[in-house]
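According to UniProt numbering, numbering within the sequence shown proceeds without interruption in unit steps and concludes at 482. Positions of the beta carbon are idealized from the N, C-alpha and C atoms, including for glycine. From a predicted model like this one, the values you see are computed outputs, not experimental measurements. Notes follow once the structure below has been shown.
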Amino acid sequence: MLIKRDFYINGRWTAPLAPNDCAVIDPSTEDTCAIISLGSAADTDAAVAAAKAAFPAWAATPPATRKRYVEAILAQYEARAEEMAQAISLEMGAPIDMSRSDQAPCLPWHLKNFLTAFDHIEWVRPLGPHAPNDRIALEPIGVVGLITPWNWPMNQVTLKVIPALLAGCTCVLKPSEESPLSSLLFAEFVHDAGVPAGVFNLVNGDGMGVGARLSEHPDVEMISFTGSTRAGKAISKAAAETLKRVTLELGGKGANLIFADADDRAVERGVRHCFNNSGQSCNAPTRMLVERPVYDRAIEIAKQVAENTKVASAHEPGRHIGPVVNKRQWDQIQGYIQKGIEEGARLVAGGLGLPEGMNKGYFVRPTVFADVKPGMTIEKEEIFGPVLSIIPFDTEAEAVQIANDTPYGLTNYVQSQDGARRNRLARQLRAGMVEMNGKSRGAGSPFGGVKASGRAREGGVWGIEEFLEVKAISGWDSAVTP
């Protein structure tokens, strides 16, 4: 068993002031794989104090120097990528091959995209030819609290820590207590890259402890949070007392609109996307809206894909989905499946209980419901498991109405060969992102939503700008080099 109790505060591995042990569970086996300590308010205060003390010097560090430190973090990852993949697979159950190919590589992917965007930032720029002595300056906001989830741990850590460092902010990271091992390894990368003491700090803890303290702390200028909508609301209320900036990346209930002229693999692609990462992605296309002429065929394809989706331990190589993260999540998913049955949706694949042949681990049967009606619980609420709801529609207008009739607005999807229709729907769908015909967003594209999905924009230049203040300056002497 790995036992790691330390936090990373002010450039040192530091024992907690009041040890409060917490087991990290391997969801494939239900066994304890690590013991960490949850931080206290005092631990959080110490980390914030270190970040506050380090801020003036880090903010004054030339951008090119900050960039070199981030490049050094990338070099550390490249030397230890397999360790990162193993840590993620162990702590949250991503199959090891998927962890190597998708989960761990989130770090270099986003980091390189941030470096590209960083090169184009103009830190002091003219307002315009009408005001020759006015300048707009971009400056770091200050100490930032970063709270990350368990489902894509390194994706979210990278999307928050790297732009904060590039912007000139100092930070305190609270990773999920469900998946702390990858973040502890990331802290080693930062340390070994030589990032100055106090610039990056890590305190393990839960939302009620460290998360709440960061949200209310008067010396924290900004909170960047990814997680549930419920927790996002609580953080916003706590942060309001100190008027700090809050950026939220929350839940989703993505609609995948499949028209009769969609390509032959559209349904299969949508089902696999829904089940990817065992359904534990906020941007998963969990509502499949299918045009009536191809509805019955879509159900058959979805049934076949679900029945052919293998479920196995995260430690096994190969193409399969692993467990969900913990017993609480497993129980919640079972409750939603039961609710779908009770409310009259037609169960065509999967269902309640563990997959056949399994008696241990938090594994969920890949599940497909057909004849789901708008307003059913499984159509309205985020399930966060491998559960797909299929809904028929007759007209484009009806599809848009169903897709938009949700509190969430993260990602929607369109499958059609009609370019005019795709363009039209891309503007009508109420979401922060719209992906069509299986095309992923390009490098540097922002990730984020609207409505109950939050208002963050993470990634690329937008992700860096979230950590910057805009200062308006008049009377600038353009003859002097700043």
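Runs of beta strand (DSSP E) wholly within the region 328-356 (minimum 3 residues, chain order): 346-349
Spatial neighbours of proline 27 in its chain, beta-carbon cut-off 8 Å, leaving aside the 5 residues before and after: In its chain, beyond the 5 residues on either side, Met92, Gly93, Ala314, Gly322, Pro323, Val324, Val325, Asn326, Gly361 and Tyr362 have a beta carbon closer than 8 Å to the beta carbon of proline 27.
Any 3 or more C-beta pairs closer than 8 Å across the region 234-242 and the region 250-264: no
Touching by the beta-carbon criterion (3+ pairs, under 8 Å), the region 393-403 and the region 212-222: Taking 8 Å as the limit for Cβ pairs, the verdict is that the region 212-222 does not touch the region 393-403.
Cβ neighbour criterion (16 or more within 10 Å) applied to alanine 60: With fewer than 16 other Cβ atoms within 10 Å, it is exposed.
Status (buried if at least 16 other CB within 10 Å, exposed otherwise) for methionine 222: buried
DSSP three-state assignment for glutamate 249, whether helix, strand or coil: strand
Of the listed residues Leu146, Asn133 and His191, nearest to valine 246 (C-alpha basis): Leu146
Pick from Ala187, Trp150, Leu138 and Ala137 that is closest to valine 161, judged by C-alpha positions: Ala187
Neighbourhood of leucine 468 by C-beta distance below 7 Å, restricted to the same chain and skipping five residues each side: Residues of the same chain with a CB within less than 7 Å of the CB of leucine 468, apart from the 5 flanking positions on each side, are Leu138, Glu139, Pro140, Ile141 and Ala167 in chain order.
Whether proline 386 touches cysteine 282 by CB criterion (8 Å): no
Sub-8 Å separation of valine 364 and isoleucine 341 beta-carbons: no
Buried/exposed call for aspartate 477, threshold 16 Cβ in 10 Å: Exposed, since its Cβ has fewer than 16 Cβ neighbours within 10 Å.
Cβ contact check for the region 122-138 and the region 95-109: 3 or more pairs under 8 Å: no
Where valine 470 falls, given that 16 or more other Cβ within 10 Å makes a residue buried: exposed
Neighbour-count burial assignment, glycine 211, 16 or more Cβ in a 10 Å radius: buried
Near the ligand FAD: proline 446 beta-carbon under 7 Å from a heavy atom: Questions concerning the ligand FAD fall outside what the structure shown contains, since it holds no ligand whatsoever.
Length of the line joining the Cα atoms of glutamate 178 and proline 129: Cα atoms of glutamate 178 and proline 129: separation of roughly 53 Å, rounded to the nearest angstrom.
Inter-residue CB distance, aspartate 43 and leucine 17 (contact presumed, cutoff 8 Å): 5 Å
Spatial neighbours of alanine 72 in its chain, beta-carbon cut-off 7 Å, leaving aside the 5 residues before and after: Ala193 and Gly194
Proximity of cysteine 22 and serine 40 at Cβ, strictly below 8 Å: Cβ distance not < 8 Å, so cysteine 22 and serine 40 don't count as in contact.
Spatial neighbours of arginine 272 in its chain, beta-carbon cut-off 7 Å, leaving aside the 5 residues before and after: Sequence-distant partners of arginine 272 (beyond 5 residues in either direction) whose C-beta falls short of 7 Å from its own C-beta, in its chain, are Val305.
DSSP-derived helix/strand/coil call for aspartate 21: strand
Assigned exposure category for asparagine 201 - 16 Cβ within 10 Å defines buried: buried
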